[in-house]
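J.: Below you'll find the structure I mean.
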Amino acid sequence: MVEKRKIKVLVCKPGLNGHDRGAKVLARALRDAGMEVIYTGIHQTPEDIVNTVIQEDPDAVMLSMLSGAHNALCPLIMEKLKEQGIDDVLVAVGGIIPDEDKPFLEKHGLKGFHGPGTELKTIVEFVKNNLKR
Amino acid sequence: MDYSNLIDQVLKGNTRAAARLITIVENDIDAAEKIVNNIYNKTGNAYILGVTGAPGSGKSTFISTITKIFVDKGKKVGIICVDPSSPLTGGALLGDRIRMKQNFTLENVFIRSMANRGRLGGLARATEDAIKILDAYGCDVIIVETVGVGQSEVDIFKSAQTVVVLLVPGLGDDIQAIKAGIMEIVDIFVVNKMDLSGSDRKVAEIMQMLELNKNFIYESQEISKNLAKMKRWTPQVIKVNSKTGENFEELLKIVDVHRSFLESTGYIDNYQLNRIKSETLQILKRKLTKKIEDLVNNSEKIEPYLEKAMKKSLDPYSMANKIIEMLGLE
Numbered sequence: 012m013v014e015k016r017k018i019k020v021l022v023c024k025p026g027l028n029g030h031d032r033g034a035k036v037l038a039r040a041l042r043d044a045g046m047e048v049i050y051t052g053i054h055q056t057p058e059d060i061v062n063t064v065i066q067e068d069p070d071a072v073m074l075s076m077l078s079g080a081h082n083a084l085c086p087l088i089m090e091k092l093k094e095q096g097i098d099d100v101l102v103a104v105g106g107i108i109p110d111e112d113k114p115f116l117e118k119h120g121l122k123g124f125h126g127p128g129t130e131l132k133t134i135v136e137f138v139k140n141n142l143k144r
Numbered sequence: 021m022d023y024s025n026l027i028d029q030v031l032k033g034n035t036r037a038a039a040r041l042i043t044i045v046e047n048d049i050d051a052a053e054k055i056v057n058n059i060y061n062k063t064g065n066a067y068i069l070g071v072t073g074a075p076g077s078g079k080s081t082f083i084s085t086i087t088k089i090f091v092d093k094g095k096k097v098g099i100i101c102v103d104p105s106s107p108l109t110g111g112a113l114l115g116d117r118i119r120m121k122q123n124f125t126l127e128n129v130f131i132r133s134m135a136n137r138g139r140l141g142g143l144a145r146a147t148e149d150a151i152k153i154l155d156a157y158g159c160d161v162i163i164v165e166t167v168g169v170g171q172s173e174v175d176i177f178k179s180a181q182t183v184v185v186l187l188v189p190g191l192g193d194d195i196q197a198i199k200a201g202i203m204e205i206v207d208i209f210v211v212n213k214m215d216l217s218g219s220d221r222k223v224a225e226i227m228q229m230l231e232l233n234k235n236f237i238y239e240s241q242e243i244s245k246n247l248a249k250m251k252r253w254t255p256q257v258i259k260v261n262s263k264t265g266e267n268f269e270e271l272l273k274i275v276d277v278h279r280s281f282l283e284s285t286g287y288i289d290n291y292q293l294n295r296i297k298s299e300t301l302q303i304l305k306r307k308l309t310k311k312i313e314d315l316v317n318n319s320e321k322i323e324p325y326l327e328k329a330m331k332k333s334l335d336p337y338s339m340a341n342k343i344i345e346m347l348g349l350e
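As they're listed, the protein sequences go chains Y and U. Everything in the first sequence is counted per our numbering, starting at 12 for the first residue and increasing by one. Everything in the second sequence is counted per our numbering, starting at 21 for the first residue and increasing by one.
Spelled out as structure tokens, the structure:
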């Protein structure tokens, strides 16, 4: 008997920025949408995040970035995931991501790019519709 | 589906395979059955330490600090943290990892968060199975953190060899300490946040309670028949500071003493026996409940009885007995 499948999501803040209100609001919204949400806290290195993905086996990883370091950190995270052979996890980045950076991040396999003012239900739907397994 | 490849990987110590197997046992009860079937004879090497206590008593921070010590001694540690699911939406926020940022590497520490999915008792349905997977994966020590408990979430007692309860100064008086439930199942009482005022008082209250127990409770209880022959473990009390690691070396000594107590008295076999019984009972309850519900709700077989009951010629107790007969249980 397969129980009703739970979507498991990892919400992280990579890098040195500690403003995590957005990440917490998002975690709460995903929780209220019936998902199991792991919040890792702030100051996560790419290694931390990839290790957490390996151990927790989530369906989606949501990176909250406000620091401007997305072009450096996000591709690094994607690369390390690939090294581990992890290709069935949705990886999304949101926060402050300028339009001109999106093609570059997209090329590295990142999705989402939800910025300030996005309705929470938009993000919930986005997660539900973009899962890779 | 065939899980033998994943299981082989787990037995070789592959972390991703262990994580994936845990996901499978969480989501699919039938698969869990097959998986446990295949790994059970590879388990039994890990020492299982249960950590319980009220919300905010510092369980995650405590585990982080004690794990660091185990790792420094060369142990491979598995951690399962259970947090509650929402009764309204089924969602959960699992935040125990936040307190466990000690730069653990993949090689020596495996941390897994788990939502309890509505199960009472302080653990999730899949926790027992996840313990077995981490055991087969090669963990020397498995630490299980229960949900923040109230007074009667005592399942951890059945899964763990040593149960530690975390208490904090300033919550409750000596009457709380003599209530039934969680206080009865504990091997080591840890008064956390010892830097706060009132920690010595808390230690004294617990010691008083333990004095009462010694004279009274164990002699009157059924289990004491088996235990009377052995020297009974007297729960120990220690105050610690999980943030600074103060008194943790002493605490670890107590854990070791408890472990060798279990082994030297043979009490470890009782523990194993009880664990197997309680797990089997859980599984039986789950399976039989499903059968019974199917029978009562969906089967034509009981319609004649229902009709009789409607006419008051059969009462619900008698009907229940008929159903037990039907299941072939009597």
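All C-beta atoms in this analysis are idealised placements derived from N, C-alpha and C, irrespective of residue type, glycine included. Computed from a prediction, not measured in an experiment: that's the story for all the values here.
1. Decide if MET17 of chain U is buried, meaning its Cβ has at least 16 other Cβ atoms within 10 Å, or exposed.
2. Let me check one thing: in DSSP terms, what residues is LEU21 of chain Y bridge-paired to?
3. In chain order, what residues of the same chain have a beta carbon less than 7 angstroms from the beta carbon of MET339 of chain U, not counting five sequence neighbours either side?
4. Looking at THR51 of chain Y and VAL20 of chain Y, is the spacing between their C-beta atoms short of 9 angstroms?
5. Among U:GLU148, U:LEU216, U:LEU114 and U:ASN290, which has the Cα closest to the Cα of SER105 of chain U?
6. Return yes when the Cβ of SER179 of chain U is within less than 9 angstroms of the Cβ of ILE143 of chain U, no when it is not.
7. By a C-beta neighbour count over all protein chains shown, 10 Å radius and 16 as the cutoff for buried, is MET46 of chain Y buried or exposed?
8. So with CB distances below 9 angstroms, who are the chain U contacts of GLY52 of chain Y?
9. Taking all protein chains shown into account, do 16 or more other C-beta atoms lie within 10 angstroms of the C-beta of ILE83 of chain U, making it buried, or fewer, making it exposed?
10. Taking the CB atoms as reference points, tell me whether ILE153 of chain U and ALA38 of chain U lie closer together than 9 angstroms.
11. Which same chain residues, not among the five before or five after THR90 of chain U, have their C-beta less than 7 angstroms away from its C-beta?
12. Does the structure place the region 23-43 of chain U close enough to the region 101-113 of chain Y that three or more beta carbon pairs sit under 8 angstroms?
13. Identify whether SER280 of chain U lies in helix, strand or coil by the three-state DSSP scheme.
14. From what residue to what residue does the beta strand (DSSP E) around MET351 of chain U run?
15. When burial is assigned at 16 or more other CB atoms within 10 Å of the CB, is ILE243 of chain U buried or exposed?
16. Within the 9 angstroms Cβ cut-off, does GLY64 of chain U reach chain Y?
17. Just the C-alpha distance for ALA74 of chain U and PHE209 of chain U, rounded to the nearest angstrom, thanks.
18. In angstroms, rounded to a whole number, what distance separates the CA positions of GLU266 of chain U and MET73 of chain Y?
19. Compile a chain-ordered list of the residues in the region 84-116 of chain U whose CB is closer than 8 angstroms to at least one CB of chain Y.
20. Quick check on the DSSP output: the alpha helix (DSSP H) that includes GLU130 of chain Y runs from which residue to which?
21. With three or more beta-carbon pairs closer than 8 angstroms as the criterion, would you say the region 51-71 of chain Y touches the region 96-107 of chain Y?
22. Would you kindly work out how many angstroms separate the C-alpha atoms of ASN141 of chain Y and LEU187 of chain U, rounded to a whole number?
23. Please report whether the beta-carbon of ARG32 of chain Y lies at a distance below 9 angstroms from any beta-carbon of chain U.
24. Using DSSP bridges, identify the partner residues of ASN261 of chain U.
25. Is it buried or exposed, TYR60 of chain U, if we count other Cβ atoms within 10 angstroms and call 16 or more buried?
26. For GLU173 of chain U, which of helix, strand or coil comes out of DSSP?
27. Does the distance from the C-beta atom of GLY141 of chain U to that of ASP116 of chain U stay below 9 angstroms?
28. Taking THR166 of chain U as the reference, which of U:LYS79, U:LEU282, U:MET203 and U:LYS222 has the closest Cα?
29. How about VAL183 of chain U and THR87 of chain U: do their beta carbons lie closer than 9 angstroms?
30. Could you name the residues of the region 59-89 of chain Y whose beta carbon sits closer than 8 angstroms to any beta carbon of chain U, in the order they occur along the chain?
31. Which residue marks the beginning of the alpha helix (DSSP H) containing VAL185 of chain U, and which one marks its end?
T.: Once the coordinates are examined:
1. Past the edges of chain U, shown from 21 to 350, lies residue 17 of chain U, and the structure says nothing about it.
2. For the purposes of this step, residue 21 of chain Y is identified with residue 10 of the first sequence, where counting begins at 1. According to DSSP, which records beta bridges pairwise, LEU21 of chain Y is partnered with Y:ILE49 and Y:VAL72.
3. For the purposes of this step, residue 339 of chain U is taken as the residue at position 319 of the second sequence. TYR325 and ALA329, listed in sequence order.
4. Within the first sequence, the letter at position 9 stands for residue 20 of chain Y. Within the first sequence, the letter at position 40 stands for residue 51 of chain Y. Their beta carbons are not under 9 angstroms apart, which means VAL20 of chain Y does not touch THR51 of chain Y by this criterion.
5. Against the second sequence, residue 105 of chain U aligns to sequence position 85. Residue U:LEU114 is the option with its Cα nearest to SER105 of chain U.
6. Residue mapping note: residue 143 of chain U aligns to position 123 of the second sequence, counting from 1. Residue mapping note: residue 179 of chain U aligns to position 159 of the second sequence, counting from 1. One detail in the question is off: residue 143 of chain U reads as Leu in this sequence, not Ile. Their beta carbons are under 9 angstroms apart, which means LEU143 of chain U touches SER179 of chain U by this criterion.
7. Locating residue 46 of chain Y in the first sequence gives position 35, counting from the first residue. Result: buried.
8. Sequence index remark: in the first sequence, residue 52 of chain Y carries index 41 (1-based). The answer, in chain order, is GLY115, ARG117, ILE118, ARG119 and LYS121.
9. Walking along the second sequence from the start, residue 83 of chain U turns up at place 63. Its Cβ being crowded by 16 or more others within 10 Å, ILE83 of chain U is buried.
10. For the purposes of this step, residue 153 of chain U is taken as the residue at position 133 of the second sequence. For the purposes of this step, residue 38 of chain U is taken as the residue at position 18 of the second sequence. A contact, by the Cβ cut-off of 9 angstroms.
11. Within the second sequence, the letter at position 70 stands for residue 90 of chain U. Correcting the residue identity first, residue 90 of chain U is Phe in this sequence and not Thr. Excluding positions up to five away in sequence, the list reads VAL97 and VAL161.
12. no
13. Counting from one through the second sequence, the residue named residue 280 of chain U turns up at place 260. Helix, per DSSP.
14. This structure cannot settle anything about residue 351 of chain U, because the visible part of chain U is limited to 21 through 350.
15. Numbered from its first residue, the second sequence carries residue 243 of chain U at position 223. Here ILE243 of chain U scores only 49 on pLDDT, less than 50, and its place in the model should not be relied on; the value that follows carries that caveat. Exposed is the call here.
16. Position 44 of the second sequence holds residue 64 of chain U. With a threshold of 9 angstroms between beta carbons, GLY64 of chain U makes no contact with chain Y.
17. Numbered from its first residue, the second sequence carries residue 74 of chain U at position 54. Numbered from its first residue, the second sequence carries residue 209 of chain U at position 189. Going by the C-alpha atoms only, they are around 13 angstroms apart.
18. For the purposes of this step, residue 266 of chain U is taken as the residue at position 246 of the second sequence. For the purposes of this step, residue 73 of chain Y is taken as the residue at position 62 of the first sequence. Rounded to whole angstroms, GLU266 of chain U to MET73 of chain Y spans 37 angstroms at the Cα level.
19. Residues passing the 8 angstroms Cβ filter: SER105, SER106, THR109, GLY110, GLY111, ALA112, LEU113, LEU114 and GLY115.
20. Against the first sequence, residue 130 of chain Y aligns to sequence position 119. That residue, GLU130 of chain Y, is in no alpha helix (DSSP H); it is neither H nor E in DSSP.
21. yes
22. Within the first sequence, residue 141 of chain Y is the residue found at index 130, counting from 1. Within the second sequence, residue 187 of chain U is the residue found at index 167, counting from 1. Between ASN141 of chain Y and LEU187 of chain U, the C-alpha separation is close to 44 angstroms.
23. As a first step, residue 32 of chain Y must be located in the first sequence, where it is residue number 21. So no, ARG32 of chain Y is outside the interface.
24. If you number the second sequence from 1, residue 261 of chain U lands on position 241. The partner list for ASN261 of chain U (beta bridge, DSSP) reads U:GLU266.
25. Here the question's residue 60 of chain U lines up with position 40 in the second sequence. Classification of TYR60 of chain U: exposed, given that the 10 Å Cβ count is below 16.
26. If you number the second sequence from 1, residue 173 of chain U lands on position 153. Here GLU173 of chain U sits in coil by DSSP.
27. As a working note, residue 141 of chain U is residue 121 in the second sequence. As a working note, residue 116 of chain U is residue 96 in the second sequence. Taking 9 angstroms as the Cβ cut-off, GLY141 of chain U and ASP116 of chain U do not qualify as a contacting pair.
28. For the purposes of this step, residue 166 of chain U is taken as the residue at position 146 of the second sequence. Nearest of U:LYS79, U:LEU282, U:MET203 and U:LYS222 to THR166 of chain U, Cα basis: U:LYS79.
29. Along the second sequence, read from residue 1 onward, the residue named residue 183 of chain U stands at position 163. Along the second sequence, read from residue 1 onward, the residue named residue 87 of chain U stands at position 67. It is not a contact, given that the beta carbons lie outside the stated cut-off.
30. ASP59, ASN62, THR63, ILE65, GLN66, GLU67 and ASP68
31. In the second sequence, the residue the question calls residue 185 of chain U occupies position 165. From DSSP, VAL185 of chain U is part of no alpha helix (DSSP H) but of the beta strand (DSSP E) over 182-187.
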